[in-house]
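Taking it in order: structure first as structure tokens, then the write-up.
Numbering (the working numbering), first residue to last: 68 to 416.
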């Protein structure tokens, strides 16, 4: 349930101990495969859900590089090999495992925990009676077979597991956006409605705290003070440098240099930037971040789960409303809004 950005921050903080971390993702279809942090020197993979970018599975794929305990007792260390007998002794299997003939792996599953045993060197596949639920005693498996991989997850099944909601211990005083809706009036977009999450404040320890859910709205034309009272202080304030897009204006040479610059309120955990006019100090633009891997700003912002209603007018029909979301593809957006007159500006950094 921990957000990706928080996990990366922890790994960066301990960079002298945890080294060589790889970020693995699909460049062509980033939503089809989990986003993975591979701790190569520790033999551990952290698998994050491709959509909500929260921790879903912890995979230990090289048990020789780690020491593991259960209830304070080692079941894997330099002196103790994670054999099938050791796992049975430590965890007490109560039902037979599952043999995958394609992978030649034997899976022993518990709630939130699975062990995989390699079978490629065995002379014959394990045999057991499916209806004979006496745990490992019903299996004909050679003694001394060791664990190849271990998986930690939420729920009863590794195949069906989903990333849980973010635990209260991960809020750390921050406010997160569950979703963001773009509001419209008769003239067009008017502002944002944010459904926000935070750990409830109250007496007692963290275990007694509860998640608070509330909504806030921010509109174009709101003052700086309005936004501060609605969303709280931003994580950062960024002042724009000279606007490089002025060169595209009709008479760039006639424009008088501005003595002050527009500025952004950066809300990293909301995945939102709010731009204020330098002269009026009122909202004039919202930036919603999708946080796809490979982007220049990846992992600076949390993913903003936004919905933008688009009123589409057809030639021979009444106007209808379509929705653009965080996961909409550029092709579908062009189908709704039409192709741009000019090619997009490609930003290289």
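C-beta: ideal position from N, C-alpha, C; glycine also.
- Less than 8 Å separates the beta-carbon of residue 289 from that of residue 349.
- The Cβ atoms of residue 222 and residue 179 sit closer than 8 Å to each other.
- Of all C-beta pairs linking the region 328-339 to the region 234-245, three or more are shorter than 8 Å, placing the two stretches in contact.
- In the three-state DSSP reduction, residue 266 falls in the strand class (E or B).
- Counting only residues of its own chain and dropping the five nearest sequence neighbours on each side, residue 157 has a CB closer than 6 Å to the CB of 137, 142.
- If the five residues before and after residue 283 are omitted, its C-beta is found closer than 7 Å to the C-beta atoms of 261, 263, 297, 298, all from its own chain and listed in chain order.
- For residue 291, the enclosing alpha helix (DSSP H) begins and ends at 291-298.
- Within the model, the alpha-carbon separation for residue 404 versus residue 386 is close to 13 Å.
- When DSSP assignments are scanned along the region 69-111, the uninterrupted stretches of beta strand (DSSP E) that are 3 or more residues long and fall wholly within it turn out to be 88-91, 102-106.
- Excluding its 5 nearest sequence neighbours in each direction, residue 400 has C-beta neighbours in its own chain below 8 Å: 391, listed in chain order.
- Judged by DSSP in its simplified three-state form, residue 284 adopts strand.
- Residue 249 sits close to residue 375, with the two beta carbons spaced by under 8 Å.
- For residue 100, the CB contacts under 6 Å within the same chain, skipping 5 residues up- and downstream, are 93 in chain order.
- In the DSSP assignment, residue 158 falls outside any beta strand (DSSP E) and lies within the alpha helix (DSSP H) extending over 151-158.
- Of 257, 181, 212, 256, the smallest CA-CA separation from residue 228 is found for 181.
- Membership of residue 232 in any alpha helix (DSSP H) is not indicated, and neither H nor E is assigned to it by DSSP.
- Distances from the alpha-carbon of residue 356 to those of 231, 344, 373, 122 put 373 closest.
- Residue 277 and residue 308 have their C-alpha atoms spaced approximately 42 Å apart.
- Secondary structure at residue 401: helix, using DSSP grouped into helix, strand and coil.
- Per DSSP, reduced to three states, the secondary structure at residue 130 is helical.
- Between residue 154 and the set 165, 119, 117, 213, the nearest pair of CA atoms involves 213.
- Assignment of residue 388 by DSSP, reduced to helix, strand and coil, places it in the strand class.
- Per the coordinates, the alpha-carbon of residue 131 lies some 10 Å from the alpha-carbon of residue 215.
- Across the structure, residue 378 and residue 254 are spaced so that their CA atoms are roughly 11 Å apart.
- If the five residues before and after residue 164 are omitted, its C-beta is found closer than 6 Å to the C-beta atoms of 173, 174, 175, all from its own chain and listed in chain order.
- When DSSP states are grouped into helix, strand and coil, residue 376 belongs to the strand group.
- In this structure, the straight-line span from the alpha carbon of residue 127 to that of residue 84 is close to 18 Å.
- Per DSSP, reduced to three states, the secondary structure at residue 252 is strand.
- Rounded to whole angstroms, the separation of the alpha carbons of residue 301 and residue 327 is 20 Å.
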